[in-house]
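Everything on this sheet refers to the single structure shown next.
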Amino acid sequence: MVQAEAASLASQHIGYLLHLADNALILGQRNAEWCGHGPVLEEDIAMANISLDLIGQARFLYQHVAELQADGATEDSLAYFRNPEDFRNYTVLELPHFPTNTGPLAGTASAECDYATTIVRNFLYSALMQLLWPALEQSTDGQLAAIAARATKEVRYHLRHSRDWLIRMGDGTDESHRRVQSAIDHLMPYTQEFWISNVAEENGARIGICPEISSLRAQWNRLVDDTLDEATLKRPPDTGYVTQGKNGLHSEHLSYVLGEMQGLARQHPGAQW
Amino acid sequence: MIALKQRFSMSEVEAILSTIPDPEIPVISIRELGILRDIQVNTDVLGNASLEVAITPTYGGCPAMDQIRDDIVSALAQAGLTARVSTRLTPAWTTDWISPEGKEKLRAYGIAPPHATGSGQCHQQTTIQFAPKKGAADAYSTVAKAQNDNEAIQCPRCNSVNTTETSHFGSTSCKALYRCLDCMEPFDYFKPY
Chain A
7 MVQAEAASLA
17 SQHIGYLLHL
27 ADNALILGQR
37 NAEWCGHGPV
47 LEEDIAMANI
57 SLDLIGQARF
67 LYQHVAELQA
77 DGATEDSLAY
87 FRNPEDFRNY
97 TVLELPHFPT
107 NTGPLAGTAS
117 AECDYATTIV
127 RNFLYSALMQ
137 LLWPALEQST
147 DGQLAAIAAR
157 ATKEVRYHLR
167 HSRDWLIRMG
177 DGTDESHRRV
187 QSAIDHLMPY
197 TQEFWISNVA
207 EENGARIGIC
217 PEISSLRAQW
227 NRLVDDTLDE
237 ATLKRPPDTG
247 YVTQGKNGLH
257 SEHLSYVLGE
267 MQGLARQHPG
277 AQW
Chain B
5 MIALKQRFSM
15 SEVEAILSTI
25 PDPEIPVISI
35 RELGILRDIQ
45 VNTDVLGNAS
55 LEVAITPTYG
65 GCPAMDQIRD
75 DIVSALAQAG
85 LTARVSTRLT
95 PAWTTDWISP
105 EGKEKLRAYG
115 IAPPHATGSG
125 QCHQQTTIQF
135 APKKGAADAY
145 STVAKAQNDN
155 EAIQCPRCNS
165 VNTTETSHFG
175 STSCKALYRC
185 LDCMEPFDYF
195 KPY
């Protein structure tokens, strides 16, 4: 009985680490779709750099999971050989770079992309992680705390970048305002998922691996509201379906992201270059 | 196969490691950059000594880390030394670890060196805007300009502090793009982390 409970706690611990890792990897992969297609050169480079930070965070977390699992898993097997239902990222991070009612049904990298959607998503997620990473520096999982200390430094610049563009576009031209407002209307309902804790988060909070996620909500709301206000944008009400990507229930878009990301590794397992 | 040298002095090892340049900014060594954290000698049961070099990554996704690891192993191998490179995450690397000599070399290379992480630059919340409708009066006061001398980013070419940020990210994650309003040249600023 005690053993079964310990095993369950260990698997919840790993589930939580995968949640953090998958968030970083999937958003990193999505943002990397801008590489070579950025609206201006500086933003092309900025997006590639942010992706690099995110993929770096994911790598450290996957390496940590692989060590804990000690079953032959590697950072590569975790990134390339798990299926969509095994991924624990927030649904909002896998969505394509356009409000889904305006584009094709499946968000592949070749679709027409909307930078406002990219910026709003980066802002909503960075605003959360700018609170969560510092809290994770106190984690009872020492390796997670070390990774969090590194990521805390990085997310500050991600938030600054997206917040800056959000204000520039919101308080900008009629067209930029319209597009960033429609991106907010589209993405904000997905953030409800941040605040409904799942088993991994509840167990994690109980044993000090992570904070109670709800404890960050008021600060997040304040940051979002203040920024939207400065950007002359309106916040839509928190209504509608609460997504469950972090429980493995994803939108149809994740399979396309993974198809692109995992294709090479799966067609040529062990390939080296 | 390189024969394992069993006797070596620590100063010899340090001298070798001090010559390894950063792959992205080759004017500065990995020691000056503050990546090199520790050197330890491990001796196995047969009395063979090997080195363990601990490095701390600058940025999680820094693609130069693998290169640095290879460079350390091969530089020591050339001197007949076997080494293993380990990654140390705590404490996290900070730009405050870049040595004064390293900062001077960065400046001479055309990169404005980072301010101390405690300075205002790190938490600066200035916004680059184009056509603000709201608060138009202070539109251009929000341009990322230095608030005071402590926060001023000095042009590495003409030393002017009359500079402005053009992009939060430069050619690599660790840098931002700036422009000097006196000599009009663009330059990189190494962001405080």
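Just so you know, the sequences run in chain order A and B. Residues 7 to 279 in my numbering are what the first sequence lists, from first letter to last. Residues 5 to 197 in my numbering are what the second sequence lists, from first letter to last. Using N, Cα and C, we set each Cβ at its ideal position, and we do this for glycine too.
Closest Cβ-Cβ distance between residue i and chain B: below 9 Å?
{"i": "Ile51/A", "result": "yes"}
{"i": "Ile20/A", "result": "no"}
{"i": "Ser57/A", "result": "yes"}
{"i": "His167/A", "result": "yes"}
{"i": "Gln35/A", "result": "no"}
{"i": "Leu60/A", "result": "yes"}
{"i": "Ser129/A", "result": "What sits at residue 129/A in the sequence shown is Phe, not Ser. Output row for Phe129/A: interface = no."}
{"i": "Lys159/A", "result": "yes"}
{"i": "Arg241/A", "result": "no"}
{"i": "Arg156/A", "result": "yes"}
{"i": "Asp244/A", "result": "no"}
{"i": "Tyr163/A", "result": "yes"}
{"i": "Gly214/A", "result": "no"}
{"i": "Ile190/A", "result": "no"}
Under a Cβ-count criterion, where at least 16 other Cβ atoms within 10 Å of its own Cβ denotes burial, should residue i be classed as buried or exposed?
{"i": "Met188/B", "result": "exposed"}
{"i": "Thr158/A", "result": "buried"}
{"i": "Asp1/B", "result": "Nothing in the structure corresponds to residue 1/B, since chain B is present only between 5 and 197."}
{"i": "Thr47/B", "result": "exposed"}
{"i": "Leu274/A", "result": "Note that residue 274/A corresponds to His in the displayed sequence, not to Leu. His274/A is exposed by the Cβ-count criterion."}
{"i": "Glu18/B", "result": "exposed"}
{"i": "Pro136/B", "result": "With a pLDDT of only 48 at Pro136/B, under 50, the local geometry of the prediction cannot be trusted, and the value read off the model is given with reservation. With 16 or more Cβ atoms within 10 Å of its Cβ, Pro136/B is classed as buried."}
{"i": "Phe95/B", "result": "Sequence inspection shows Pro at residue 95/B; the Phe mentioned does not correspond to that position. That one is exposed."}
{"i": "Ala141/B", "result": "With a pLDDT of 41 at Ala141/B, under the threshold of 50, the predicted position of this residue should be treated as unreliable, though the coordinate-derived value follows. Per the 10 Å Cβ criterion, exposed."}
{"i": "Thr318/A", "result": "Given that chain A is displayed from residue 7 to residue 279, the structure contains no residue 318/A and the question cannot be resolved."}
{"i": "Met267/A", "result": "buried"}
{"i": "Thr176/B", "result": "buried"}
{"i": "Pro270/B", "result": "The shown model of chain B, from 5 to 197, leaves out residue 270/B, and the question about it has no answer."}
{"i": "Val8/A", "result": "exposed"}
{"i": "Tyr247/A", "result": "exposed"}
{"i": "Ala206/A", "result": "buried"}
{"i": "Gly174/B", "result": "buried"}
{"i": "Ile213/A", "result": "exposed"}
{"i": "Thr23/B", "result": "exposed"}
{"i": "Leu50/B", "result": "exposed"}
{"i": "Ser13/B", "result": "exposed"}
Is there at least one Cβ from chain A nearer than 9 Å to residue i's Cβ?
{"i": "Tyr193/B", "result": "no"}
{"i": "Tyr63/B", "result": "yes"}
{"i": "His119/B", "result": "no"}
{"i": "Pro27/B", "result": "no"}
{"i": "Trp101/B", "result": "no"}
{"i": "Ala116/B", "result": "no"}
{"i": "Thr167/B", "result": "no"}
{"i": "Cys184/B", "result": "no"}
{"i": "Ala58/B", "result": "no"}
{"i": "Leu181/B", "result": "yes"}
{"i": "Pro3/B", "result": "Given that chain B is displayed from residue 5 to residue 197, the structure contains no residue 3/B and the question cannot be resolved."}
{"i": "Tyr113/B", "result": "no"}
{"i": "Met174/B", "result": "Checking the sequence, you will find Gly at residue 174/B rather than Met. At least one chain A Cβ lies under 9 Å of Gly174/B."}
Residue i: which of the options sits nearest, CA to CA?
{"i": "Leu142/A", "options": "Arg156/A, Tyr196/A and Gln75/A", "result": "Arg156/A"}
{"i": "Leu239/A", "options": "Phe93/A, Ala12/A, Arg169/A and Leu137/A", "result": "Arg169/A"}
{"i": "Val98/A", "options": "Gly265/A, Pro275/A and Leu193/A", "result": "Leu193/A"}
{"i": "Pro178/B", "options": "Arg162/A, Gln187/A and Leu260/A", "result": "Looking at the sequence shown, residue 178/B is not Pro but Cys. Residue Arg162/A is the option with its Cα nearest to Cys178/B."}
{"i": "Leu33/A", "options": "Leu23/A, Glu100/A and Ala72/A", "result": "Glu100/A"}
{"i": "Ile190/A", "options": "Ser220/A, Trp40/A, Thr233/A and Leu58/A", "result": "Thr233/A"}
{"i": "Trp40/A", "options": "Asn209/A, Ala206/A, Ile56/A and Trp226/A", "result": "Ile56/A"}
{"i": "Leu40/B", "options": "Phe191/B, Pro196/B, Thr98/B and Val49/B", "result": "Thr98/B"}
{"i": "Ser15/B", "options": "Val165/B, Val31/B and Ile43/B", "result": "Ile43/B"}
{"i": "Pro67/B", "options": "Asp92/A, His183/A, Ile61/A and Leu130/A", "result": "Ile61/A"}
{"i": "Thr86/B", "options": "Ile34/B, Ala53/B, Tyr63/B and Gly65/B", "result": "Ala53/B"}
{"i": "Tyr121/A", "options": "Leu134/A, Ala52/A, Leu67/A and Ala79/A", "result": "Ala52/A"}
{"i": "Leu55/B", "options": "Val45/B, Gly64/B and Val49/B", "result": "Val45/B"}
{"i": "Tyr197/B", "options": "Pro30/B, Ser33/B, Leu37/B and Ile32/B", "result": "Leu37/B"}
Kindly examine the ligand FAD and report whether one of its heavy atoms sits closer than 8 Å to the Cβ of residue i.
{"i": "Leu239/A", "result": "The ligand FAD is not among the ligands present in this structure, which contains no ligands whatsoever."}
Specify whether the stretch 83-99 of chain B and the stretch 48-61 of chain B touch according to this definition: at least 3 beta carbon pairs, one from each stretch, less than 8 Å apart. Yes, they touch.
Going along the chain, which residues of the stretch 70-90 of chain B sit with their C-beta nearer than 9 Å to a C-beta in chain C? Of the chains in the structure shown, none is chain C; the protein chains are A and B.
Unbroken stretches of the alpha helix (DSSP H), 4 residues or longer, contained in the stretch 220-252 of chain A: Unbroken alpha helix (DSSP H) runs of no fewer than 4 residues, entirely contained in the stretch 220-252 of chain A, are found at 223-236, following chain order.
I want to know whether the stretch 70-85 of chain A touches the stretch 41-55 of chain A - three or more CB-CB distances under 8 Å. Flag = no, the stretch 70-85 of chain A and the stretch 41-55 of chain A do not touch.
Threshold first: 4 residues or longer. Then list the alpha helix (DSSP H) segments lying entirely within the stretch 95-170 of chain A, N to C. Entirely contained in the stretch 95-170 of chain A, the alpha helix (DSSP H) runs reaching 4 residues are, in chain order, 121-142.
Any 3 or more C-beta pairs closer than 8 Å across the stretch 74-81 of chain B and the stretch 101-111 of chain B: Judged by Cβ distances under 8 Å, the stretch 74-81 of chain B makes no contact with the stretch 101-111 of chain B, as fewer than three pairs qualify.
Could you tell me whether the stretch 170-181 of chain A touches the stretch 60-80 of chain A, where touching means 3 or more Cβ pairs closer than 8 Å? Put simply, the stretch 170-181 of chain A does not touch the stretch 60-80 of chain A. Fewer than three CB pairs are less than 8 Å apart.
With three or more beta-carbon pairs closer than 8 Å as the criterion, would you say the stretch 196-211 of chain A touches the stretch 244-255 of chain A? Yes, they touch.
Pairing CB atoms from the stretch 136-155 of chain A with CB atoms from the stretch 212-224 of chain A, are three or more of them under 8 Å? Because the criterion of three Cβ pairs below 8 Å is met, the stretch 136-155 of chain A and the stretch 212-224 of chain A touch.
Which runs of the alpha helix (DSSP H) at least 4 residues long sit entirely within the stretch 61-108 of chain B? Give them in chain order. DSSP runs (the alpha helix (DSSP H)) wholly in the stretch 61-108 of chain B: 68-82.
Suppose only complete runs of 3+ residues qualify. What are the beta strand (DSSP E) ranges in the stretch 170-196 of chain A, listed by chain order? Listed in chain order, there is nothing to give.
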